[in-house]
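Engineer: Here it is, the structure, as structure tokens.
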Amino acid sequence: MFALKVAVFWGCITQTSQYACELSVRRIMKELNVELVDLEGTSCCGTPIKSVSAYASIYLAARNLAIAEATGLTDLLTVCNGCHLSFTEAMRFLKADEALRARVSSLMSEEGLTYEGSVNVWHVMDFLHDVIKKEAITKAVKRSLKGLRLAVHYGCHIIRPSPLGRPDDPEEPRKLDDLVEWIGAVSVNYSEKLDCCGAMLMLSRPDGALTMAGSKLKALRECDVDGLVVICPSCHRMFDERQRSAGAAVGVDVRVPTLYYAQLLGISMGIDEEELGLHLNRSPVDELLSKVKDALSP
Amino acid sequence: MTLIDLMTSKGPDLGLRLKALKKAGEHKPYDCYQCARCSSGCPSMKLLELKPHEVVGLVRMGFVEEVIESGMAWACASCLKCKERCPQDVAPADLMLALRNLAFEMGKEVPEAYTRILSEVMEFGFVQRPQEVLTKRLVRVNRERLGLPKMPEPSERFKSTFLRALEEL
Chain A
1 MFALKVAVFW GCITQTSQYA CELSVRRIMK ELNVELVDLE GTSCCGTPIK
51 SVSAYASIYL AARNLAIAEA TGLTDLLTVC NGCHLSFTEA MRFLKADEAL
101 RARVSSLMSE EGLTYEGSVN VWHVMDFLHD VIKKEAITKA VKRSLKGLRL
151 AVHYGCHIIR PSPLGRPDDP EEPRKLDDLV EWIGAVSVNY SEKLDCCGAM
201 LMLSRPDGAL TMAGSKLKAL RECDVDGLVV ICPSCHRMFD ERQRSAGAAV
251 GVDVRVPTLY YAQLLGISMG IDEEELGLHL NRSPVDELLS KVKDALSP
Chain Y
299 MTLIDLMTSK GPDLGLRLKA LKKAGEHKPY DCYQCARCSS GCPSMKLLEL
349 KPHEVVGLVR MGFVEEVIES GMAWACASCL KCKERCPQDV APADLMLALR
399 NLAFEMGKEV PEAYTRILSE VMEFGFVQRP QEVLTKRLVR VNRERLGLPK
449 MPEPSERFKS TFLRALEEL
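Chain order of the listed sequences is A and Y. Residues 1 to 298, numbered by this note's numbering, are exactly what the first sequence covers, in order. Residues 299 to 467, numbered by this note's numbering, are exactly what the second sequence covers, in order.
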């Protein structure tokens, strides 16, 4: 019954607190006839460990890739910008450095894992844009989002560093804008579009991190948008879960409905709000939802 | 965090300089010609007493321990704009990570959150345990109540192999 079958790596934040991300991705993929194969024995992707030890972070990435490869599937879907970057980087390092690969392989063999470097790593964004493609996505739309003005936030790690090969352009990304427009909404251009959410700084300088998120949300208030669309659980945590403190950090009561693209797509597919985890968003998503109902197509 | 006073520092440490440069990988700080393009786009500028191009310059000269002790490396948001835009293919963001790695290696002060994350990954495989969250109607829910499957658990050997990965330099 499924047209496509891919392995899925959920990562730390999605599985331990950003449940709306997991709920919405599982639900829309089902709707799009994509079978997701959960992976046993996975761990952190390595991103936060980069600050502790470059080698240990590569080891973490490689062992997760090895687990994905063991399923025999050729494609691995990630839902987080950090996981996608960590995996892509590790694959590049391991390909370029034979000695490193030998060390990592011998370490992994203790867990009974072998790394080939053969799996294709996708993020929900480029998977929807380049694999599922426009026709299938527009066909799945049951409710029009016409009239909605939305801002998109790509997040740093999905577009940089470009020499590594990232899913979209580092200075003028388009894919998320396309995805929003394919389902009928308007993607509003704004000067702060590529500004960082600050998530990585939460661990060492939370004050600075919240100011970064707050500044972006404050700028969005001036742009007359109906909401902010994100594709990464770290970014979502900054803009949605921590919206109140982010606003406080810049002295403004920002009220910007913030949601995952998977949730937005799910809304347009006519899927029940709770199935998409919309009851878990902290930002005022009801304001956006009420506008969708108004725009329901005949 | 203190401002670096080079007048009171003990002088360039060339051994540590080499170590930091090696850790920075393929992006060589000595190719930097101080154009400050990295600093011009840096979102952490407000938090920095030393700008990214100044950190690169200091490491290049061998004032590595001073830079580590300034805590500047922990003010980087890892947005990678500097790495993307550098005309000389230097990556200040990678150098910040190299300095953080060195801070751990040398037993310097590191943010508490990182030691917490490290022990969680070692014990549990992920940076934190699954949390209960509140719905809009203020109902407490967890993975099970949301109908989500059990989280994966790394193998029993994981803890020891991860520990070995941390010990290997």
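Every residue gets a Cβ at the ideal spot worked out from N, C-alpha and C, and that includes glycine. Quick caveat: nothing in here was measured; it's all calculated off a predicted structure.
Identify each residue in the segment 360–385 of chain Y for which the Cβ-Cβ distance to at least one residue of chain A is less than 9 Å, and report them in chain order.
Structural biologist: Under the 9 Å Cβ criterion, the segment 360–385 of chain Y contributes G369, A371, W372, A373, C374, A375, S376, C377, L378, K379, K381, E382 and R383.
Engineer: So, for T42 (chain A): in the same chain, excluding its five sequence neighbours on each side, which residues have a beta-carbon less than 7 Å away from its beta-carbon?
Structural biologist: Translated into positions along the first sequence, residue 42 (chain A) becomes position 42. Closer than 7 Å at the Cβ level, and outside the excluded window around T42 (chain A), lie F9, N64 and I67.
Engineer: Grouping DSSP H, G and I as helix and E and B as strand, with all else coil, what is T78 (chain A)?
Structural biologist: In the first sequence, residue 78 (chain A) corresponds to position 78, counting from 1. Here T78 (chain A) sits in strand by DSSP.
Engineer: Excluding the 5 residues preceding and the 5 following A334 (chain Y) in the sequence, name in chain order all residues of the same chain whose CB lies nearer than 6 Å to its CB.
Structural biologist: Within the second sequence, residue 334 (chain Y) is the residue found at index 36, counting from 1. So the list reads H351, once near-sequence residues are dropped.
Engineer: I want to see whether chain A comes within less than 8 Å of M404 (chain Y), judged by CB atoms only; does it?
Structural biologist: For the purposes of this step, residue 404 (chain Y) is taken as the residue at position 106 of the second sequence. Not one chain A Cβ lies under 8 Å of M404 (chain Y).
Engineer: For the beta strand (DSSP E) that R282 (chain A) lies in, which residues bound it at each end?
Structural biologist: Within the first sequence, numbered from 1, the residue matching residue 282 (chain A) stands at position 282. Neither: R282 (chain A) is in no beta strand (DSSP E) and is coded neither H nor E.
Engineer: At a cut of 8 Å, does the segment 323–343 of chain Y reach the segment 380–393 of chain Y through at least three beta carbon pairs?
Structural biologist: The segment 323–343 of chain Y, when compared against the segment 380–393 of chain Y, does touch it at the 8 Å Cβ threshold.
Engineer: Can you pull the chain A residues whose beta carbon is under 7 Å from the beta carbon of K457 (chain Y), in chain order?
Structural biologist: Walking along the second sequence from the start, residue 457 (chain Y) turns up at place 159. None at all; the shortest Cβ gap to chain A is about 10 Å.
Engineer: Helix, strand or coil, according to DSSP, for S187 (chain A) in the structure here?
Structural biologist: Taking the first sequence and counting its residues from 1, one reaches residue 187 (chain A) at position 187. If DSSP states are grouped into helix, strand and coil, S187 (chain A) belongs with the strands.
Engineer: Locate the beta strand (DSSP E) running through Y260 (chain A), then write down its first and last residues.
Structural biologist: Counting from 1 along the first sequence, the entry for residue 260 (chain A) is found at position 260. Y260 (chain A) -> beta strand (DSSP E) spans T258 to Y260.
Engineer: State the Cα-Cα distance for the pair S290 (chain A) and A99 (chain A), rounded to the nearest angstrom.
Structural biologist: Locating residue 290 (chain A) in the first sequence gives position 290, counting from the first residue. Locating residue 99 (chain A) in the first sequence gives position 99, counting from the first residue. Spanning the two alpha carbons is a distance of roughly 57 Å.
Engineer: If you draw a straight line from the alpha carbon of V365 (chain Y) to that of P284 (chain A), how long is it in whole angstroms?
Structural biologist: Against the second sequence, residue 365 (chain Y) aligns to sequence position 67. Against the first sequence, residue 284 (chain A) aligns to sequence position 284. When rounded, the distance between both Cα atoms is 43 Å.
Engineer: Less than 8 Å between the C-beta atoms of S51 (chain A) and L145 (chain A), yes or no?
Structural biologist: As a position in the first sequence, residue 51 (chain A) is number 51, starting the count at 1. As a position in the first sequence, residue 145 (chain A) is number 145, starting the count at 1. Contact flag unset, no.
Engineer: Output yes or no for whether 8 Å exceeds the beta carbon distance between D75 (chain A) and V119 (chain A).
Structural biologist: Taking the first sequence and counting its residues from 1, the one referred to as residue 75 (chain A) is at position 75. Taking the first sequence and counting its residues from 1, the one referred to as residue 119 (chain A) is at position 119. Yes; because the gap between Cβ atoms is below 8 Å, this pair is in contact.
Engineer: Relative to the alpha-carbon of L397 (chain Y), which residue among Y:Q332, Y:L461, Y:E367 and Y:P385 has its alpha-carbon at the smallest distance?
Structural biologist: Here residue 397 (chain Y) is taken as the residue at index 99 of the second sequence, counted from 1. If we check each option's Cα against that of L397 (chain Y), Y:E367 comes out closest.
Engineer: Note down, in chain order, each residue of its chain lying with its Cβ closer than 6 Å to the Cβ of L113 (chain A), except the 5 sequence neighbours on either side.
Structural biologist: As a working mapping, residue 113 (chain A) is identified with position 113 in the first sequence. If we look at L113 (chain A) and ignore the five residues flanking it on each side, its Cβ neighbours are R63 and A66.
Engineer: Hey, T88 (chain A) and V121 (chain A): beta-carbon distance below 8 Å or not?
Structural biologist: Here residue 88 (chain A) refers to the residue found at position 88 of the first sequence. Here residue 121 (chain A) refers to the residue found at position 121 of the first sequence. Result yes, Cβ atoms of T88 (chain A) and V121 (chain A) sit closer than 8 Å.
Engineer: How would you list, in chain order, the residues of chain C whose beta-carbon sits under 8 Å from the beta-carbon of G423 (chain Y)?
Structural biologist: The structure shown contains no chain C; its protein chains are A and Y.
Engineer: For a contact defined as C-beta to C-beta under 9 Å, what are the partners of D240 (chain A) on chain Y?
Structural biologist: As a position in the first sequence, residue 240 (chain A) is number 240, starting the count at 1. Within chain Y, no residue comes near D240 (chain A); the closest Cβ sits about 12 Å away, beyond 9 Å.
Engineer: Where does the unbroken beta strand (DSSP E) through N120 (chain A) begin, and where does it stop?
Structural biologist: Taking the first sequence and counting its residues from 1, the one referred to as residue 120 (chain A) is at position 120. Unbroken beta strand (DSSP E) run through N120 (chain A): N120 to H123.
Engineer: Give me, in chain order, the residues of the same chain whose beta-carbon lies closer than 8 Å to that of F424 (chain Y); leave out the 5 immediate sequence neighbours on both sides.
Structural biologist: Position 126 of the second sequence, counting from 1, holds the residue named residue 424 (chain Y). E418 and M449, listed in sequence order.
Engineer: So within the segment 22–59 of chain A, which uninterrupted beta strand (DSSP E) runs reach at least 3 residues, ignoring any that extend past its ends?
Structural biologist: Segments of the beta strand (DSSP E) lying fully in the segment 22–59 of chain A: 34–38.
Engineer: For K218 (chain A), does the three-state DSSP call read helix, strand or coil?
Structural biologist: Position 218 of the first sequence, counted from the first residue, corresponds to residue 218 (chain A). DSSP places K218 (chain A) in helix when its eight states are reduced to three.
Engineer: Near A209 (chain A), what residues of its chain come up, given a Cβ to Cβ distance below 6 Å and the 5 sequence neighbours on each side ignored?
Structural biologist: To locate residue 209 (chain A), count along the first sequence from 1; it is residue 209. Excluding residues within five positions, the ones whose Cβ falls inside 6 Å are G198, L201 and M202.
Engineer: Where does R255 (chain A) land, buried or exposed, given buried means 16+ other C-beta within 10 angstroms?
Structural biologist: The residue you call residue 255 (chain A) lines up with position 255 of the first sequence. Classification for R255 (chain A): exposed.
Engineer: Using a Cβ-Cβ cut-off of 8 Å, state whether K326 (chain Y) counts as contacting chain A.
Structural biologist: As a working mapping, residue 326 (chain Y) is identified with position 28 in the second sequence. With 8 Å as the cut-off, K326 (chain Y) does not count as an interface residue toward chain A.
Engineer: For the segment 328–342 of chain Y, which residues have a CB atom closer than 8 Å to at least one CB atom of chain A, in sequence order?
Structural biologist: Correct list: P341 and S342.
Engineer: Buried or exposed: where does D392 (chain Y) fall if 16 or more other Cβ atoms within 10 Å of its Cβ makes it buried?
Structural biologist: Locating residue 392 (chain Y) in the second sequence gives position 94, counting from the first residue. Classification for D392 (chain Y): buried.
Engineer: When you compare only the Cα positions, how much space is there between I28 (chain A) and G355 (chain Y)?
Structural biologist: Counting from one through the first sequence, the residue named residue 28 (chain A) turns up at place 28. Counting from one through the second sequence, the residue named residue 355 (chain Y) turns up at place 57. Those two C-alpha atoms are separated by around 49 Å.
Engineer: L4 (chain A) and A140 (chain A): beta carbons closer than 8 Å?
Structural biologist: Counting from one through the first sequence, the residue named residue 4 (chain A) turns up at place 4. Counting from one through the first sequence, the residue named residue 140 (chain A) turns up at place 140. For L4 (chain A) and A140 (chain A), no; Cβs fall outside 8 Å.
Engineer: Applying a beta-carbon distance threshold of less than 9 Å, which residues of chain Y neighbour M269 (chain A)?
Structural biologist: By one-based count along the first sequence, residue 269 (chain A) stands at place 269. Within chain Y, no residue comes near M269 (chain A); the closest Cβ sits about 19 Å away, beyond 9 Å.
Engineer: Residues of chain Y with CB closer than 9 Å to the CB of E31 (chain A), please, in chain order.
Structural biologist: In the first sequence, residue 31 (chain A) corresponds to position 31, counting from 1. Within 9 Å Cβ-Cβ: nothing; E31 (chain A) doesn't reach chain Y, min ~16 Å.
Engineer: Quick check: the Cα distance between L150 (chain A) and K344 (chain Y), rounded to an integer number of angstroms?
Structural biologist: Your numbering for residue 150 (chain A) matches position 150 in the first sequence. Your numbering for residue 344 (chain Y) matches position 46 in the second sequence. The alpha-carbon atoms of L150 (chain A) and K344 (chain Y) are separated by roughly 29 Å.
Engineer: Under the assumption that Y331 (chain Y) contacts R358 (chain Y) (Cβ atoms under 8 Å), give the Cβ distance between them as a whole number of angstroms.
Structural biologist: Position 33 of the second sequence, counting from 1, holds the residue named residue 331 (chain Y). Position 60 of the second sequence, counting from 1, holds the residue named residue 358 (chain Y). In fact, because the Cβ distance is near 11 Å, the residues do not count as touching under 8 Å.
Engineer: Can you tell me which of the three DSSP states V437 (chain Y) falls into?
Structural biologist: Position 139 of the second sequence, counted from the start, is the residue given in the question as residue 437 (chain Y). Three-state result, V437 (chain Y): coil.
Engineer: Does L378 (chain Y) come out as helix, strand or coil in the three-state DSSP assignment?
Structural biologist: Your numbering for residue 378 (chain Y) matches position 80 in the second sequence. The answer is coil: DSSP assigns L378 (chain Y) none of H, G, I, E or B.
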